[in-house]
Amino acid sequence: MLEALRHTPNWVYLVFFLVLHYGVMQCFSARIKPRRLLTMPLIFLGWSAYATFAAAQAPWISLSVWGGSVCGASLIGLWLGRRAGASFHADDGVLDIPGSKTPLVISLLFFGCSYWFGYTAATAPDVAADLGFQLTRTLATASCIGLFVGRAAYLYALSLGGRWTGPRVDPLRLV
């Protein structure tokens, strides 16, 4: 493991600390403008899409897995957003979001998945070339991103109407 850390490029450490900083900041209550809320989920969505399609052997299969994973996990993210207990203050146009460790866990999970799959691709190219490996990578990273996107979508919708009027999603009842 130490050998893997020694050969990790410096930019990966920078990304790790940015992801860690973003996650830790989410642990504290904040009053933010709704547009600022969308920044990180959109960056992660772009990063995930690029990583998926840059290495895709079968683009249509990868597209299907990626889209399905993002959509499915977004439903769970909507539920997580609803549980967050956020409120919108129309007079000053800000969301009051209580602190939560959930974004920290999700962002570290996304980074960990991306790092592990990247490490495996660098050390075992024959494994990384396998379609099953690529689809597993797509499923894992897109699911993490979907959680972020769903939570952000709920909070953004809350800011538009003052309350969520979308479907009541409870992933525990779907099973």
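Every position in the sequence shown, counted from 1, becomes a number in the working numbering once 29 is added. Where is the CB? At the ideal position from N, CA and C, for every residue including glycine. Just so you know, these numbers come straight off a predicted model, no measurement behind them.
Residue i classed as buried or exposed, judged by whether at least 16 other C-beta atoms fall within 10 angstroms
i: R60; result: exposed
i: T131; result: buried
i: E32; result: exposed
i: R112; result: exposed
i: W145; result: exposed
i: W89; result: exposed
i: W95; result: buried
i: V204; result: Because V204 sits at a pLDDT of 44, beneath the cut-off of 50, its placement in the model cannot be relied upon, and the following sentence gives the value as read from the coordinates. The residue is exposed, with fewer than 16 neighbouring Cβ atoms inside 10 Å.
i: L164; result: buried
i: G190; result: exposed
i: V99; result: buried
Backbone secondary structure at residue i - three-state DSSP
i: A84; result: coil
i: A78; result: helix
i: A186; result: helix
i: A158; result: coil
i: L203; result: Because the pLDDT of L203 is 48, which lies under 50, any placement of that residue in the model is unreliable, and the question is left without a value.
Test item: CB-CB of residue i and residue j under 8 Å
i: S58; j: G128; result: yes
i: A115; j: I126; result: yes
i: S91; j: T81; result: yes
i: A171; j: S77; result: yes
i: R180; j: G106; result: yes
i: C173; j: L138; result: yes
i: C142; j: A102; result: no
i: P70; j: F162; result: no
i: F140; j: F45; result: yes
i: V48; j: S136; result: yes
Option in the options with minimal Cα separation from residue i
i: L184; options: R64, I135, T37 and I174; result: R64
i: L66; options: Y42, H36, L124 and F162; result: L124
i: L74; options: G175, A186 and A102; result: G175
i: L109; options: G190, L34, R35 and A182; result: A182
i: P38; options: I135, G147, T68 and G96; result: G147
i: D229; options: L47, K62 and A186; result: Since the first and last residues shown for the chain are 30 and 204, residue 229 lies out of range.
i: A158; options: L71, H50, L104 and Q86; result: Q86
i: H36; options: L160, T149 and A186; result: T149
i: M34; options: A186, A151, I72 and L160; result: The sequence as given places Leu at residue 34; Met does not occur at that position. When only C-alpha atoms are compared, the closest one is A151.
Could you name each continuous beta strand (DSSP E) segment of 3 residues or more that falls completely within the region 112-155, going from the start of the chain to the end?
Whole beta strand (DSSP E) segments, 3+ residues: 116-118 and 123-126.
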